[in-house]
Amino acid sequence: MPEGPSIYILKEELQPFVKKTITSASGYADLDFKKLKGQKILSIESWGKHLLIVFKKAYVRIHLLMFGTYRINERKEANPKLTLKIGKDELNFYTCSVKYFEEDPTNVYDFDADVMSTTWSPRKALKKLRSQPQLNVCDALLDQQIFSGVGNIIKNEVLFRIRVHPKNTIGNLPDPTIKNLVKEAANYTWDFYEWKKINQLKKHWLIHTKKICPRCHIPAFKEYIGKTKRRTFYCDNCQIIFKPKKGSGSAVVKKNN
DNA sequence: ATACATGTTGGAGC
DNA sequence: GGCTCCAACATGTA
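Heads up: the first sequence at position 136 corresponds to 135 in numbering that gives the first Met the number 0, and the numbers run straight through without jumps.
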């Protein structure tokens with residue numbers, strides 16, 4: 000389910016619980032539930048794919064990983080990893096990672112790296128990218144320290160949108176293209192968010208899971224690319240492989256097929 | 001029905 | 001010590 004926008008939506012759905020106090024906590028998470036009981040929720044935030052329930056001197060971090068789900072005032076036919084009772088309300092989180100930290104999240108997270116944050120910094124992302132010219136573009140987009148919140152679907156769609164072939168390294172991209180990559184990583188993430196809210200995400204996919212390129216109508220490629228080896232859909236015709244820049248020291252990229 | 005997928009981590013091995 | 005690789009986790013769907 001969850002890339003950044005889905006967690007952002009979850010955060011929004013949970014805002015009514017801010018300033019409320021946790022009546023009880025339970026579940027099969029490896030957690031000291033006593034520490035949650037009686038805590039007042041000061042804020043509910045997100046950083047990329049992390050949901051943060053913030054207390055006075057602590058926070059709970061929930062990561063839905065690949066299969067995580069949740070219910071608000073509803074239950075699934077499954078054991079919840081975490082149940083929070085808040086007065087007569089109930090939050091249930093399933094198959095996710097839940098951890099309790101006795102720290103201030105502002106000391107832990109760099110919100111400038113979150114593509115959906117009000118403090119998202121394209122400039123810092125650009126700087127991080129330029130410092131790693133050997134980095135494959137797929138790996139770059141999935142790097143949560145550079146593009147927190149971007150997941151595999153967003154990766155595929157962004158590269159298709161900006162017509163960049165997934166086998167490029169960052170160092171091979173012309174400067175305007177790197178800037179466009181940063182810009183579209185955030186832009187597409189917000190589009191994803193709008194479509195997700197109205198349950199119309201899949202119908203807007205251009206290349207992800209597609210067998211045919213919607214632009215030139217030739218067969219699309221599916222391949223596992225980069226050190227992350229994630230499923231990558233692309234059009235070998237529309238998406239350009241750039242020539243290595245002189246003196247960049249980056250590896251030569253062969254055009255496949 | 002077996003395999004695979006919107007993700008991350010911790011530990012093994014080098 | 002540090003880097004890389006892979007198993008592990010867990011569920012819904014084709």
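Idealized CB from N, CA, C, for every residue including glycine.
The structure presented is a predicted model; accordingly, all values stated were derived computationally and were not measured.
Please list the segments of the beta strand (DSSP E) lying wholly inside the stretch 34–88, counting only runs of 3 or more residues, in order along the chain. 42–46, 49–53, 58–62, 68–71 and 81–85
Is it buried or exposed, A139, if we count other Cβ atoms within 10 angstroms and call 16 or more buried? As a working note, residue 139 is residue 140 in the first sequence. Classification for A139: buried.
Rounded straight-line distance, which links the Cα of F92 to that of N171: Sequence index remark: in the first sequence, residue 171 carries index 172 (1-based). Sequence index remark: in the first sequence, residue 92 carries index 93 (1-based). Using only the alpha carbons, I get a separation of about 42 Å.
Would you kindly check if the distance between the Cβ of R229 and the Cβ of N151 is under 8 Å? Counting from one through the first sequence, the residue named residue 151 turns up at place 152. Counting from one through the first sequence, the residue named residue 229 turns up at place 230. Cβ distance < 8 Å, so N151 and R229 count as in contact.
So what's V107 in DSSP terms, helix, strand or just coil? As a position in the first sequence, residue 107 is number 108, starting the count at 1. The answer is coil: DSSP assigns V107 none of H, G, I, E or B.
What does the alpha-carbon distance come out to for the pair Y108 and W46? Numbered from 1 along the first sequence, position 109 holds the residue referred to as residue 108. Numbered from 1 along the first sequence, position 47 holds the residue referred to as residue 46. Y108 and W46: Cα-Cα distance of roughly 7 Å.
Taking only runs of the alpha helix (DSSP H) that begin and end inside the stretch 82–168, which ones reach a length of at least 4 residues, in chain order? 121–129, 136–141 and 151–160
With a floor of 3 residues, list each beta strand (DSSP E) that falls wholly inside the stretch 203–246, ordered by position along the chain. 220–224 and 229–233
For the beta strand (DSSP E) holding A28, just list the boundary residues, first then last. In the first sequence, the residue the question calls residue 28 occupies position 29. In the DSSP annotation of this structure, A28 is not part of any beta strand (DSSP E), being labelled neither H nor E.
R214 to I6 span [Cα, whole Å]: Your numbering for residue 214 matches position 215 in the first sequence. Your numbering for residue 6 matches position 7 in the first sequence. Roughly 31 Å between the two C-alpha positions.
Alpha-carbon to alpha-carbon, L41 and Q14: Taking the first sequence and counting its residues from 1, the one referred to as residue 14 is at position 15. Taking the first sequence and counting its residues from 1, the one referred to as residue 41 is at position 42. About 10 Å.
Reduced DSSP secondary structure (H/G/I, E/B, other) of E2: In the first sequence, residue 2 corresponds to position 3, counting from 1. DSSP places E2 in coil when its eight states are reduced to three.
P104 and V53 closer than 8 Å at C-beta: To locate residue 104, count along the first sequence from 1; it is residue 105. To locate residue 53, count along the first sequence from 1; it is residue 54. Yes, the Cβ-Cβ distance between P104 and V53 is below 8 Å.
So, L64 versus C95, is the Cβ gap smaller than 8 Å? For the purposes of this step, residue 64 is taken as residue 65 along the first sequence, with counting starting at 1. For the purposes of this step, residue 95 is taken as residue 96 along the first sequence, with counting starting at 1. The answer is yes: Cβ separation under 8 Å.
Neighbour-count burial assignment, E183, 16 or more Cβ in a 10 Å radius: Position 184 of the first sequence, counted from the start, is the residue given in the question as residue 183. E183 should be labelled buried.
Distance between L125 and I177 (C-alpha atoms, nearest Å): The residue given as residue 177 occupies position 178 in the first sequence. The residue given as residue 125 occupies position 126 in the first sequence. Rounded to whole angstroms, I177 to L125 spans 7 Å at the Cα level.
Look at Y233 and F220 and say whether their C-beta atoms are less than 8 Å apart. Along the first sequence, one-based indexing puts residue 233 at 234. Along the first sequence, one-based indexing puts residue 220 at 221. Result yes, Cβ atoms of Y233 and F220 sit closer than 8 Å.
From E101 to P175, what distance separates their C-alpha atoms? To locate residue 101, count along the first sequence from 1; it is residue 102. To locate residue 175, count along the first sequence from 1; it is residue 176. Near 43 Å, if we compare the C-alpha coordinates of P175 and E101.
Boundaries (first-last residue) of the alpha helix (DSSP H) holding I177: As a position in the first sequence, residue 177 is number 178, starting the count at 1. I177 -> alpha helix (DSSP H) spans D174 to K196.
Is it true that the stretch 200–216 meets the stretch 111–118, where meeting means three or more beta-carbon pairs spaced less than 8 Å apart? no
Classify F191 as buried or exposed, calling it buried when 16 or more other Cβ atoms lie within 10 Å of its own Cβ. Taking the first sequence and counting its residues from 1, the one referred to as residue 191 is at position 192. Result: buried.
Run the CB neighbour count on K226, radius 10 Å, all protein chains shown included, and call it buried at 16 or more, exposed below. Stepping through the first sequence from its first residue, residue 226 is reached at position 227. K226 is exposed by the Cβ-count criterion.
Across which residues does DSSP place T20 in a beta bridge pair? As a position in the first sequence, residue 20 is number 21, starting the count at 1. Note: T20 sits in a beta bridge opposite K39.
Looking at the structure shown, is N14 part of a helix, part of a strand, or coil, going by DSSP? Within the first sequence, residue 14 is the residue found at index 15, counting from 1. Note that residue 14 is Gln in the sequence shown here, rather than Asn. Helix.
Proximity of T188 and V114 at Cβ, strictly below 8 Å: Walking along the first sequence from the start, residue 188 turns up at place 189. Walking along the first sequence from the start, residue 114 turns up at place 115. Yes, these two residues count as a Cβ contact at 8 Å.
Secondary structure at L200, three-state DSSP: helix, strand or coil? Walking along the first sequence from the start, residue 200 turns up at place 201. It is coil, neither helix nor strand.
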